[in-house]
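Written out below as structure tokens is the structure these notes cover.
There are 2 protein chains.
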Amino acid sequence: MRITLSQLNLHIGNFEGNLAKMLAAVETAKSQKADLICFPELAVCGYPARDFFEFDDFIHRCQHSINELRKVSHGIGIVVGSPSRNPVAAGKDLYNSAYFLYNGETIGIQHKALLPTYDIFDEYRYFEPATEFKTIDFKGKRIALSICEDIWNVGNENPLYTICPLDEMMPQKPDLILNLSASPFNYAHAQIRIQIAKVNVLRYKIPMFYTNQVGGQTDVIFDGGSLVVSPNGMVFDEMPYFEECLKTYDLEEVVAGDRNHEQPKDKIQLIHDALVVGIRDYFQKLGFKKAILGLSGGIDSAVTAVLAAKALGPENVSVLLMPSQFSSDHSVDDARQLAENLGIQYDIVAIKPMFDAFETALAQQFAGQPFNVTEENIQARVRGTLLMAMSNKFGHILLNTTNKSEMSVGYGTLYGDMCGGIAVLGDVYKTEIYELVKYINSLPMGEGRGGVVPQNTITKPPSAELRPGQKDTDSLPPYEILDPLLFQYIECRKGPNELIAMGFEASLVKRVLRMVNINEFKREQAAPVLRVSAKAFGMGRRMPIVGKYLS
Amino acid sequence: MRITLSQLNLHIGNFEGNLAKMLAAVETAKSQKADLICFPELAVCGYPARDFFEFDDFIHRCQHSINELRKVSHGIGIVVGSPSRNPVAAGKDLYNSAYFLYNGETIGIQHKALLPTYDIFDEYRYFEPATEFKTIDFKGKRIALSICEDIWNVGNENPLYTICPLDEMMPQKPDLILNLSASPFNYAHAQIRIQIAKVNVLRYKIPMFYTNQVGGQTDVIFDGGSLVVSPNGMVFDEMPYFEECLKTYDLEEVVAGDRNHEQPKDKIQLIHDALVVGIRDYFQKLGFKKAILGLSGGIDSAVTAVLAAKALGPENVSVLLMPSQFSSDHSVDDARQLAENLGIQYDIVAIKPMFDAFETALAQQFAGQPFNVTEENIQARVRGTLLMAMSNKFGHILLNTTNKSEMSVGYGTLYGDMCGGIAVLGDVYKTEIYELVKYINSLPMGEGRGGVVPQNTITKPPSAELRPGQKDTDSLPPYEILDPLLFQYIECRKGPNELIAMGFEASLVKRVLRMVNINEFKREQAAPVLRVSAKAFGMGRRMPIVGKYLS
């Protein structure tokens, strides 16, 4: 039996586009003499479709795509993810299902049992869990169909769940496992995914074919990395990350498999590639081509500009250099140098005239008040307004350059440097950005200079340059101390006592946790964040604003 | 048996504050010779605590409050909501529980079975559903404990669920039902809640005591309206809306009850009262006193100012009048008149100097480009920056004045008129705001003038006044047509074909749905919206940004 995996970059709600991709893949699979082609979870509509699932019309269109795929299933089995209606009145209206189409018929359908409802996932909001588990007989083989999370409770050892779907199927003696996934990227996930696939295969002693989605869907990025695992637990193949792929495998070769085709998994490279795809797909799926951002001479905007140029092409990236009266000369020089290295268009607009106009307009109200964070914020908002004006006039999307450290502690101006359609670095801590820039500068780029990002941008102390001599460390602990603490609090959900027990200084813990918590109101209005860690701001982390806890 | 219901305004994560309120209530109940006092769902920590539940320390503190309440339970039963740990490894870590404390012991604990996971609710994200249902014997009575949603699947007729918790308990022959709720307000909800309570009571022929939370928690507002229902289905008592209340009832009197103490439920009055409480608690729970907003002379900002003055006192509300070069004279006059009627402080700051400074700064970039929405947005953002500057300098929270019609179709400027800590009218359609202003003007206010909002503000055609002669209807269908269509799409989740079948014009449907969907990126960064309908923007409506559906 020959099995094709089709790892696709789908687009939420783009039924025509998704169907066209699948129809083309079916044709290719047929030309490769495949018996069976397997698409990702919820492939007809894309993932995560969120509350679109509450619209009857949306479900209709999903069913229409299934009907169209069924029509081309003559001579080839097509396994594809789609919502399906729950015919029983009690329980949620929908199932998250895998359809098995063949010769113009639906020869089997398996619903998902384990519905992730944590972090960014809301599946129990829409779907009823499966309670029946039936293998499907196809061309002399018995197939265990499973959907994403269904393989993540091996032998019921995952504390989140109370059932192991494949255990339920094993009495029926399947010959292979198919898994349809929409399993989002984080920099540690590919390794864990392989581990889980292996544990399943070693438990059941049959091969697994695992198809994942690929590409960005606003904040959530899918990395692909679809898997074929031989019964001996070796990775017969791992598809590339961050790009579409179609391959056809011979089941007998996989069963006999004796090779380990895993890809290298370097954290910083993975983050880099994910962010490029995240930008590219955000623009492509919204129908935009051109980006703008503010280039300060600092490291965050420099890295954002590099990633944007890679994602969209330097000809589609413009930057504004917006020095304040407190900016150092080298800031403009460094920014200009980067723009030239990248070959992107830049303009210089000093913000003092607008700042002065605001100060004059508010002179009466502000009489006798000292210069404080208000004036810093006015400057940041003048910059935001300039960038949005360019964006509005020329049809750019504004890229936000805030990093995760700043976003955590609220070190940023709402409606100022927090403006933007997508926060490129909002899930990357400052210390990780230093690693990222090192990686970027190690790559050949442009005319092959030593590094595209100027050294001065990397070595100077971080500063918002909104008052004389300002440095980030005036308001914040050094990032080498701050970031590990944030990581433990945000990613690992350690409480204050656990953090202190880990060796963090008690007053620092109190201060930092308070900063994180009282700034929830800012994050509520932040741009969506490209998710690269296991716990990003946004839908994956839902916090009360008026909460009075550790604040 | 004497039963006290304590309807409390709790504060998420404010363990000390919530405990102090409950301890005081226990004292009062004792002084009223109560045998039993009943608090709301998850009262120890407030609702919705969201991902705070993922922190061990948070659960610890909940347990600490339970321990403290247990200590004062000598001579009085205390029924209180709290998360509790699931001792079984498989399944979610927590239960949403009702503790029954008495004489220093926990004499019973009932977990919640029906976990709302729709709209604003995410309970299955945190909690394992109950599978055991045991009544509790107390002072010769047998009590069926239930938590909020548990009574919303009477006889298993709610399609969302597959179990009816009270049906499970009835073989044990309970004498009464206690329900601990945190059931959020919407303008239709109190009526439905009474209906559900009656249906339960009539099915089981025993009385129900139902305690609800009250007060605002950012976007979500709780109305209280706790209920005592006699076995004949009559409402023995309904506690007031939007305020704390403690009352002690004699069980025998309730059983014999022959009275119907329901409150009037006028939609517009309820919305009015909810918004006042929503503002008040947002400020109080964040520790702020003073509000600022922009007063345009239009109806939305006028209504917001009135509500703010009621919520915070006129002495705590300031407004900025920020005429543009395109503002009509009467706009400033109308705004000034309202400020004087309300007795709130106002300042006038013309925006032209800042607007001119931006146009000059961008003259080179914008050379040869016509005046368009860019210039309108610059003006809106100058206003946003002025308001935020005042807010930063003097410690106000900026109130957002966007209405639901605008927010739906994206008729507003991100980082401009969309600025603000909380969107007061973001769940109120424009046509409802006209009803609201009529109600407001019917109330005695200030020196008892005919109406606090100037007639001219109400009667003139809505306009953003950002270009000469601009009217909302230049870009939008008339609100009398737009609002019913939005209601059907947003609240009722009708798809395009259903809307057309209802009589909406096909091209209008297409145009409006597209406007709603392509503006998801703006709502993503909008201020939290005070929720007064059954489907508000925010956590209750989760939509993809890059979705290509009806767009």
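Which chain is which? The protein sequence lines are A and B, in order.
All residue numbers for the first sequence refer to my numbering, where the first residue is 1 and numbers rise by one.
All residue numbers for the second sequence refer to my numbering, where the first residue is 552 and numbers rise by one.
Just so it is clear, CB atoms sit at the ideal spot from N, CA and C, and this is done for glycine as well.
- If only complete runs of 4 or more residues are kept, the stretch 81–161 of chain A shows no alpha helix (DSSP H) anywhere.
- By the Cβ rule, the stretch 674–686 of chain B counts as touching the stretch 643–654 of chain B, because three or more pairs are nearer than 8 Å.
- One finds R50, D51, F52 in chain A with Cβ atoms closer than 8 Å to the Cβ of B:M1094, taken in chain order.
- Shown in chain order are the members of the stretch 498–519 of chain A whose Cβ falls below 9 Å from a Cβ of chain B: E498, N517, I518.
- Judged by DSSP secondary structure, B:Q558 falls within the beta strand (DSSP E) whose first and last residues are 553–558.
- A:N519 and A:V409 do touch by the CB rule: their CB atoms are close to 7 Å apart, below 8 Å.
- Taking a Cβ-Cβ threshold of 8 Å, the residues of chain B close to A:M354 are M905, A908, F909, A912, in chain order.
- Sorting B:A940, B:H740, B:E891, B:T925 by C-alpha distance to the C-alpha of A:T360 places B:A940 at the top.
- By the CB criterion at 7 Å, B:L559 and B:E927 fall outside the cutoff.
- Using a Cβ-Cβ distance cut-off of 8 Å, the stretch 71–83 of chain A and the stretch 25–37 of chain A are in contact, since at least three pairs of beta carbons, one from each stretch, lie closer than that value.
- Taking 7 Å as the cut-off, the beta carbon of B:Q764 is found no closer than this to the beta carbon of B:L1037.
- Shown here, B:T799 sits in a strand according to DSSP, grouped into three states.
- Against chain B, the CB of A:G368 has no partner CB under 7 Å away; the residue lies outside that interface.
- Of the residues assessed, A:S475 falls on the exposed side of the cut-off, its CB having fewer than 16 other CB atoms within 10 angstroms.
- Annotation for A:Q345: the continuous beta strand (DSSP E) segment containing it runs 345–348.
- Per DSSP, the unbroken alpha helix (DSSP H) holding A:V409 starts and ends at 404–409.
- In the DSSP assignment, A:N497 falls within the alpha helix (DSSP H) that extends over 496–501.
- For B:G967 against B:G946, the beta-carbon gap comes to about 22 Å, at or over 8 Å, which does not count as contact.
- At a Cβ-Cβ threshold of 7 Å, B:G977 and B:V1080 count as neighbours.
- Look at A:A389: its C-beta is under 7 Å from a C-beta on chain B.
- Looking at the backbone, the Cα of A:L145 and that of A:M169 are separated by about 9 Å.
- With respect to A:A197, A:Y210 sits close: the two C-beta atoms are nearer than 7 Å.
- With the rule of 3 Cβ pairs closer than 8 Å, the stretch 862–871 of chain B counts as touching the stretch 840–849 of chain B.
- A direct Cα-Cα distance of roughly 7 Å separates A:I490 from A:K535.
- When DSSP states are grouped into helix, strand and coil, B:T762 belongs to the strand group.
- The beta carbon of B:G597 sits closer than 6 Å to those of L561, H562, I563, all from its chain and outside the five residues before and after it, given in chain order.
- Taking 7 Å as the cut-off, the beta carbon of B:A576 is found closer than this to the beta carbon of B:L797.
- About 43 Å separates the Cβ atoms of B:S732 and B:E891, ruling out a contact at the 8 Å cut-off.
- A straight-line Cα-Cα distance of about 26 Å links A:S405 and A:S391.
- Shown here, A:S318 sits in a strand according to DSSP, grouped into three states.
- Excluding sequence positions up to five before and after A:Y102, its CB lies within less than 8 Å of the CB of S73, I76, G77, I78, F138, all in the same chain and listed in chain order.
- In this chain, the alpha helix (DSSP H) harbouring A:C62 covers 56–71.
- B:F839 is a Cβ neighbour of B:I948, given a cutoff of 7 Å.
- The beta carbon of B:R810 sits closer than 6 Å to none of the beta carbons in its chain outside the five residues before and after it.
- If you check the CB distance, B:G767 and B:D832 come in under 7 Å.
- Interface annotation, A:A311: not in contact with chain B, CB-CB separation never under 7 Å.
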